[in-house]
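So the structure is just underneath, and the comments pick up after that.
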Amino acid sequence: DFDNSPEAWARWDKVSFRDMCRQLLVTERMYKEAFEPMILTGLFAPGEQCSAAAAMGMAYFFVLAHQNSFDVRWCKGSVAQKLFAPWVAQLEASGVTFKPGCRAADLTIQSSIEGRKGKSVCGVKLGD
3 DFDNSPEAWA RWDKVSFRDM CRQLLVTERM YKEAFEPMIL TGLFAPGEQC SAAAAMGMAY
63 FFVLAHQNSF DVRWCKGSVA QKLFAPWVAQ LEASGVTFKP GCRAADLTIQ SSIEGRKGKS
123 VCGVKLGD
């Protein structure tokens, strides 16, 4: 019911964005992975420090009122299939080896006369 009116601002300015999300039963994962990054980049503060009115006002401005002002397009297909799979294939073709289930802890790339050589601590290994 936020319509960017003075009445809406008066009502929602008393509630933090985080509390509003709790009232609306937004899951912790959805909050942490979607809403919190949006608030941090748009209002430069965590949801606990922003009023729900400020957050909804920002969303209204960027999402509803100015949709056509942004050159953003949804991926036609899964991001994994359309973006990451071709990238992984290109890296593998150049000698990169992936180790699924391992987190890359370090990556060292060294230039030499023969070309680049690298090593990693689990995760990705660039040619020997």
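Numbering-wise (my numbering), the sequence shown opens with residue 3 and increments by one.
For every residue, glycine included, the Cβ atom is placed at its ideal position computed from N, Cα and C.
Query: Pairwise C-alpha distance: Val28 and Ala57; Result: 15 Å
Query: Opening and closing residue of the beta strand (DSSP E) in which Phe100 lies; Result: 98-100
Query: Coarse secondary structure for Leu128, derived from DSSP in three states; Result: Since pLDDT at Leu128 reaches only 49, below the 50 mark, its modelled position is unreliable, and no value is offered.
Query: Cross-strand partners of Ser18 (DSSP beta bridge); Result: Ser53
Query: Leu26 (DSSP reduced to helix, strand or coil); Result: coil
Query: Rounded distance between the beta-carbons of Ala10 and Asp21, thought under 8 Å; Result: Incorrect: roughly 16 Å between the Cβ atoms, too far for contact.
Query: Buried/exposed call for Ser53, threshold 16 Cβ in 10 Å; Result: buried
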